[in-house]
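Student: As numbered in the numbering used here, residues 3 to 152 make up the sequence shown, in order.
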Amino acid sequence: MSQQIDILKKQRLAILNQVDLLSLDQLNYIPIGFNNNILWNLGHMVSTQHGVCYKPGTILPIDQVFFDAYKSRTRPEKIYTSDDLSAIKALFISTLDHLDAQIENGAFSNYTAWTTREGFEVRNIDDAIRLLTLHEGIHTGTIMALKKLV
Numbered sequence: 003m004s005q006q007i008d009i010l011k012k013q014r015l016a017i018l019n020q021v022d023l024l025s026l027d028q029l030n031y032i033p034i035g036f037n038n039n040i041l042w043n044l045g046h047m048v049s050t051q052h053g054v055c056y057k058p059g060t061i062l063p064i065d066q067v068f069f070d071a072y073k074s075r076t077r078p079e080k081i082y083t084s085d086d087l088s089a090i091k092a093l094f095i096s097t098l099d100h101l102d103a104q105i106e107n108g109a110f111s112n113y114t115a116w117t118t119r120e121g122f123e124v125r126n127i128d129d130a131i132r133l134l135t136l137h138e139g140i141h142t143g144t145i146m147a148l149k150k151l152v
């Protein structure tokens, strides 16, 4: 496993450990001043991994409905269930393992460069992983802030 993927995996396992004892009500709670909740942030991290690493128009390793529900510029549109939580937990680590295997197999040798809304140029899968690590750090902070308010 690449070092960057290993860092992401450890970070995600730590996040799951932090929220493991929270109830569904707590995971769904949206405090005043926030647009989303803990569960949405977890799903968003999985969705963003795919939005950053895979080319637009390619078949994603996750369900398109899942991707669309948690992608950038969305917000919780429902009260999430225990099934939603289970799905997110299952994808939280397995998608990183899948990504790592694809990197090892050279699936990203023809990565299409793109630029983020903030102006960061993502030239290859290594840049994408670095951007993903930054993004996940931001959402880890958001989750920790939300946890204090639930």
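Every residue gets a Cβ at the ideal spot worked out from N, C-alpha and C, and that includes glycine.
Model, not experiment: these values are computed from the prediction.
#1: Within a Cβ cutoff of 6 Å, which residues of the same chain sit near residue 29, ignoring the five residues on either side of it in sequence?
#2: DSSP three-state call for residue 123: helix, strand or coil?
#3: So residue 144 packs on residue 19, CB below 8 Å; how close in whole Å?
#4: For the alpha helix (DSSP H) that contains residue 26, what are its first and last residues?
#5: Restricting to Cα atoms, I'd like to know which of 142, 152, 146, 101 is closest to residue 130.
#6: Considering only heavy atoms of the ligand NAD, does any lie closer than 7 Å to the CB of residue 50?
#7: Can you check the segment 63–129 for any beta strand (DSSP E) of at least 3 residues that lies completely inside it and give the ranges in chain order?
#8: Output the boundary residues of the alpha helix (DSSP H) element that contains residue 57.
#9: For residue 152 and residue 31, which I take to be in contact (beta-carbon distance under 8 Å), what is that distance rounded to the nearest angstrom?
#10: Buried or exposed: where does residue 48 fall if 16 or more other Cβ atoms within 10 Å of its Cβ makes it buried?
#11: Cα separation between residue 4 and residue 103?
#12: Apart from the five residues on each side of it in sequence, which residues of its chain come closer than 8 Å, Cβ to Cβ, to residue 126?
#13: In or out: residue 67 buried (at least 16 other Cβ within 10 Å) or exposed?
#14: Using beta-carbon positions only, say whether residue 136 and residue 54 come within less than 8 Å of one another.
Tutor: Result, derived from the coordinates:
#1: Translated into the one-based positions of the sequence shown, residue 29 becomes position 27. Once the five neighbours on either side are set aside, the close Cβ partners of residue 29 are 40, 41.
#2: Translated into positions along the sequence shown, residue 123 becomes position 121. Here residue 123 sits in strand by DSSP.
#3: Against the sequence shown, residue 144 aligns to sequence position 142. Against the sequence shown, residue 19 aligns to sequence position 17. In fact, because the Cβ distance is near 17 Å, the residues do not count as touching under 8 Å.
#4: Locating residue 26 in the sequence shown gives position 24, where the first residue counts as 1. First-last of the alpha helix (DSSP H) with residue 26: 26–30.
#5: Walking along the sequence shown from the start, residue 130 turns up at place 128. Selected option, being the one with the closest Cα: 101.
#6: By its list of ligands, the structure shown contains no ligand whatsoever, and the ligand NAD lies outside what it can speak to.
#7: none
#8: As a working note, residue 57 is residue 55 in the sequence shown. From DSSP, residue 57 is part of no alpha helix (DSSP H); its letter is neither H nor E.
#9: As a first step, residue 152 is located in the sequence shown; it is residue number 150 there, counting from the start. As a first step, residue 31 is located in the sequence shown; it is residue number 29 there, counting from the start. Residue 152 to residue 31, Cβ: 5 Å. Contact.
#10: In the sequence shown, residue 48 corresponds to position 46, counting from 1. Flag for residue 48 reads buried.
#11: As a position in the sequence shown, residue 4 is number 2, starting the count at 1. As a position in the sequence shown, residue 103 is number 101, starting the count at 1. Taking the straight line from one Cα to the other gives about 10 Å.
#12: Here residue 126 refers to the residue found at position 124 of the sequence shown. Answer for residue 126: 110, 113, 115, listed in chain order.
#13: Residue numbering aside, residue 67 sits at position 65 when the sequence shown is read from its first letter. By the neighbour-count rule (16 or more Cβ atoms within 10 Å), residue 67 is not buried but exposed.
#14: Indexing the sequence shown from 1 puts residue 136 at position 134. Indexing the sequence shown from 1 puts residue 54 at position 52. No, the Cβ-Cβ distance between residue 136 and residue 54 is not below 8 Å.
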